[in-house]
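Enquirer: Under the working numbering, the letters of the sequence shown match residues 914 to 1205, in that order. Note that the Cβ used here is the ideal one computed from N, Cα and C, for glycine as well. Every value quoted in this text rests on a predicted model; they were computed, and no experiment measured them.
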Amino acid sequence: MFGYIVPFKPELKIKDFETYKSVYCGLCHQLSKSFGPFSRLFLSYDFAFMSLFFMSLNDATPCFEKKRCISSPFRKKCCMCSGPELEYCAASAATLVDFKNQDGVADSGFFGALPYRFLRLITKRPAKSVQRTRPELYETVEHNIHLQAQVEASPEVTFDMAAEPTAAIVSFLAADRARDEDERRILARFGYFLGRLIYMFDAADDYFKDKKKSRFNPYLRDPQYCTLMPKQLSQRLKESFNGTIAELIAAYQLLTIRKNKEILDNFIFLGFKSRFTQVLNQFEGEQHDGSI
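#1: Tell me which residues share the same chain as Pro1005 and place their Cβ nearer than 6 Å to its Cβ, disregarding the 5 neighbours each side in the sequence.
#2: Below 8 Å on the Cβ atoms is my contact criterion, and I expect Val919 with Gly1184 to pass it. Report the Cβ-Cβ distance as a whole number of Å.
#3: Out of Ala1066, Ser1067, His1056, Pro1068, which has the shortest C-alpha to C-alpha gap to Ala1080?
#4: Just to confirm, is the Cβ distance from Gly996 to Asp959 under 9 Å?
#5: Ordered along the chain, which non-local residues of its own chain (more than five positions away) have a Cβ less than 8 Å from that of Tyr1051?
#6: Give a yes or no on whether the C-beta atoms belonging to Leu956 and Tyr937 are separated by under 9 Å.
#7: Please report how far the alpha carbon of Arg1097 lies from the alpha carbon of Ala1088, in whole angstroms.
#8: Out of curiosity, what's the CA-to-CA distance linking Tyr1138 and Ser1067?
#9: Rounding to the nearest angstrom, what Cα-Cα distance links Glu998 and Asn1179 in this structure?
#10: Report all residues from its chain with a CB closer than 8 Å to the CB of Glu978; omit the five preceding and five following residues, and keep chain order.
#11: Suppose you measure from the CA of Lys928 to the CA of Tyr1132; what does that come to, to the nearest Å?
#12: Taking only three categories from DSSP, how would you classify Met1142?
#13: Does Asp1118 pass the burial test, meaning 16 or more other C-beta atoms within 10 Å, or should it be called exposed?
#14: Is Asp1011 buried or exposed, if buried means 16 or more other CB atoms sit within 10 Å of its CB?
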């Protein structure tokens, strides 16, 4: 995952932002607990959102506690206690980061691959642990990452083809937390469009860097996008985003959110749009601070 799922802070209540930060810190501690201190490098906003999202679908009351950490050694911070949601998201993050590093090794030259080879010293063992304890999760990620490589190597690529593996991974991750078949179908659809949005964000954000370095980018390969000027592409991306977020919202509104609904609504109805606007600013020649 890429770190694009963030709340729209100006419209977030202080108590809700503190809850979100507690989940974020809790995931950081869970990564360390599950896979060792260096696994904190796997932490991302995306999986913090997923942890909060999964926690909000059940009736269990979450536990919070004060802890110190590397970023705050002298002042304790409020953190969500270890639980199934954090454990699952930590395992998912560890698996995805390791496959991302494997791709980095395969796609880079000798010197370019050195950072990825170094990072694999950290990510390989946690991923193997997930392979033993959660084989279905590991195999789903592995299959779709290999499919992604095949799509990128294909002479004819469309955005839909390129986005499909990421959408399928997130669809599986969401559906795997369902309590019954009805909820599974809704979560699978929600996760599919969430994954599609994440891939869209990443491809749009990297467009100019990929173009300069002649790297793969679906918007540089898809016939319906590759001939467009930046401002024309920006308009087409807005249309694609609006269609995808509409499908995501439709699935979200079918779910029973048992707690933290105001926080999740902020992400779904405001955060995605704000973050995508920041990404598109580069196509308009504008600058924008993307911090939360």
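Expert: Result, derived from the coordinates:
#1: Residue identity check: residue 1005 is Ser in the sequence provided, not Pro. So the list reads Leu1086, once near-sequence residues are dropped.
#2: That belief holds up - the Cβ atoms of Val919 and Gly1184 are roughly 6 Å apart, short of 8 Å.
#3: Ranked by Cα distance from Ala1080, the options Ala1066, Ser1067, His1056, Pro1068 are led by His1056.
#4: No.
#5: Cβ within range, chain order: Thr1008, Ala1040, Val1043, Gln1044.
#6: For the 9 Å CB-CB criterion, Leu956 and Tyr937 form a contact.
#7: The C-alpha of Ala1088 is placed about 5 Å away from the C-alpha of Arg1097.
#8: Rounded to the nearest whole angstrom, the CA to CA distance from Tyr1138 to Ser1067 is 17 Å.
#9: Answer to the nearest angstrom: the Cα atoms are 20 Å apart.
#10: Around Glu978: Cys991, Cys992, Cys994.
#11: Using only the alpha carbons, I get a separation of about 40 Å.
#12: In this structure, Met1142 counts as coil in the three-state DSSP scheme.
#13: With 16 or more other Cβ atoms within 10 Å, it is buried.
#14: By the 16-neighbour rule on beta-carbons within 10 angstroms, Asp1011 is buried.
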